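Visitor: Residue 166 in our numbering is what sits at position 177 of the sequence shown, and the numbering runs on without skipping anything.
Cβ atoms here follow ideal geometry from the backbone N, Cα and C, with glycine treated the same way.
All of these numbers come straight from a predicted model, not from anything done at the bench.
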Amino acid sequence: MEDERQANDTITFLGTAGARIMVANQILASGGLWLNLSGTEILLDPGPGCIVQSTKRKLRGEKLSAIILSHRHLDHSADVNIMVEAMTQGGFKPRGWLFAPADALETEPVIFSYLKNYLDGIEVLKEGKSYSIGNISFTTPIQHIHPVETYGMLFRTAEHTFSYIADSRHFDGLCHSYGGELLIINVLFLEPRLPVDHLSLPDAEHIITELKPKVAILTHFGTTLWRAKPWEIAQRLSQETGVRVLAARDGMKFDLSQLDNP
Ligand SMILES: [Zn+2]
């Protein structure tokens, strides 16, 4: 039926670039994830180019109910101001919520003060808390190890559960804070590169093996990972873990109904 088809859950990858070199040169696009969950549209981590990538794909800012920032780094937040404008039609139709960690909002806010008035409100993300947006809920189970305050999210829709594991160094307790049928993992490096606080491919493999989701999607690629051809890596990981692993592509739209078929 028409109504049921509209109630599908989809995730559009506006961009797949991670961190400085990939984003600064737009070797891959950046811009975050656009969630459409049973008709509730949510923008996650609007990095540079989000307004360009979303309008190009006919995703409409004024349909958003919320914008969520995992953290304040530029590759996750650069377009938050223009996306608040788009969500509220330049402030003429105040609406929508912004979710962000305290340090994205306090001493040096990523959002201009005049735009805050366009919103229904701002919610501060904290470790272990739950939030709701319409019929969707999500939790921020654990604070990540990253140079700024950072959270990933575990989302629940009427039909599906999925996790977004945002930027972090790997640590005990990271992977078991997450779960669900689908894992989206920001994997920057091919090899571990301590002390830089990002996940590498062996970390991602460990997480996938531990959590055994139905599908795992790798994204947020740094240069080393990109040169190693993420789609080939994903294929190898699928064979090694027995989990269907995909490498996100710019503009890829993942339909969560794919999780329903065994
Ligand atoms: Zn970051």
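#1: Give me the residue from N106, I111, R84 with the minimum Cα distance to A91.
#2: Less than 8 Å between the beta carbons of A8 and A18, yes or no?
#3: Distance, Cα to Cα, A147 vs L53?
#4: Is any heavy atom of ligand 1 found at a distance shorter than 7 Å from the C-beta of H159?
#5: Please state the DSSP three-state secondary structure of K47.
#6: Could you tell me the distance, in whole angstroms, from the CA atom of S43 to the CA atom of W220?
#7: When the Cβ atoms of the stretch 83 to 101 are set against those of the stretch 180 to 200, are three or more pairs found closer than 8 Å?
#8: Helix, strand or coil for T29? Go by DSSP, reduced to three states.
#9: Just the C-alpha distance for N(-3) and G240, rounded to the nearest angstrom, thanks.
#10: Short of 6 Å in beta carbon distance, which residues of its chain neighbour Q247, apart from the five on each side in sequence? Order them along the chain.
#11: Give every residue of the same chain whose Cβ lies closer than 8 Å to the Cβ of E180, excluding the five residues on either side of it in the sequence, and list them in chain order.
#12: Spatial neighbours of P202 within its chain, please: C-beta separation below 7 Å, excluding the five flanking residues on both sides.
#13: Do you know how far the Cα of K82 is from the Cα of F160?
#14: Could you check the C-alpha separation between L48 and T1 for me, to the nearest Å?
#15: Could you tell me whether any non-hydrogen atom of ligand 1 is closer than 7 Å to the CB of D156?
#16: Which of the three DSSP states, helix, strand or coil, is assigned to G227?
#17: At a cut-off of 7 Å, would you count H133 as near ligand 1, judging by its Cβ distance to the nearest heavy atom?
#18: According to DSSP, is W82 part of a helix, a strand, or is it coil?
Guide: Based on what the coordinates show:
#1: Counting from one through the sequence shown, the residue named residue 91 turns up at place 102. If we check each option's Cα against that of A91, I111 comes out closest.
#2: Sequence index remark: in the sequence shown, residue 8 carries index 19 (1-based). Sequence index remark: in the sequence shown, residue 18 carries index 29 (1-based). Going by C-beta atoms, A8 is not nearer than 8 Å to A18.
#3: Translated into positions along the sequence shown, residue 147 becomes position 158. Translated into positions along the sequence shown, residue 53 becomes position 64. A147 and L53: Cα-Cα distance of roughly 18 Å.
#4: As a first step, residue 159 is located in the sequence shown; it is residue number 170 there, counting from the start. Residue side-chain check: H159 keeps its Cβ at 7 Å or more from all non-hydrogen atoms of ligand 1.
#5: The residue labelled residue 47 in the question sits at position 58 within the sequence shown. K47: coil per DSSP, three-state reduction.
#6: For the purposes of this step, residue 43 is taken as residue 54 along the sequence shown, with counting starting at 1. For the purposes of this step, residue 220 is taken as residue 231 along the sequence shown, with counting starting at 1. Across the structure, S43 and W220 are spaced so that their CA atoms are roughly 23 Å apart.
#7: Short answer: they don't touch.
#8: As a working note, residue 29 is residue 40 in the sequence shown. If DSSP states are grouped into helix, strand and coil, T29 belongs with the strands.
#9: As a first step, residue -3 is located in the sequence shown; it is residue number 8 there, counting from the start. As a first step, residue 240 is located in the sequence shown; it is residue number 251 there, counting from the start. Distance from the CA atom of N(-3) to the CA atom of G240, rounded to whole angstroms, is 18 Å.
#10: The residue given as residue 247 occupies position 258 in the sequence shown. Apart from the 5 residues on each side of it in sequence, Q247 has no Cβ closer than 6 Å to any other Cβ in its chain.
#11: On the sequence shown, residue 180 is found 191 positions in, with the first residue counted as 1. Closer than 8 Å at the Cβ level, and outside the excluded window around E180, lie S189, L190, P191, T213.
#12: Sequence index remark: in the sequence shown, residue 202 carries index 213 (1-based). Correct list, in chain order: G169, E170, L171, L172, V232.
#13: On the sequence shown, position 171 is the one that residue 160 refers to. On the sequence shown, position 93 is the one that residue 82 refers to. K82 has its alpha-carbon roughly 43 Å from the corresponding atom of F160.
#14: As a working note, residue 48 is residue 59 in the sequence shown. As a working note, residue 1 is residue 12 in the sequence shown. A straight line joining the alpha-carbon of L48 with that of T1 spans about 10 Å.
#15: The count along the sequence shown starts at 1 and reaches residue 156 at position 167. Within the cutoff, so yes.
#16: Start at 1 with the first residue of the sequence shown, and residue 227 comes out as number 238. For the record, residue 227 in the displayed sequence is Ser; it is not Gly. Residue state, collapsed to three classes: helix.
#17: Translated into the one-based positions of the sequence shown, residue 133 becomes position 144. Answer for H133: no, Cβ out of range of ligand 1.
#18: Translated into the one-based positions of the sequence shown, residue 82 becomes position 93. Sequence check: residue 82 is Lys here, not Trp. DSSP, read as helix, strand or coil, puts K82 in coil.
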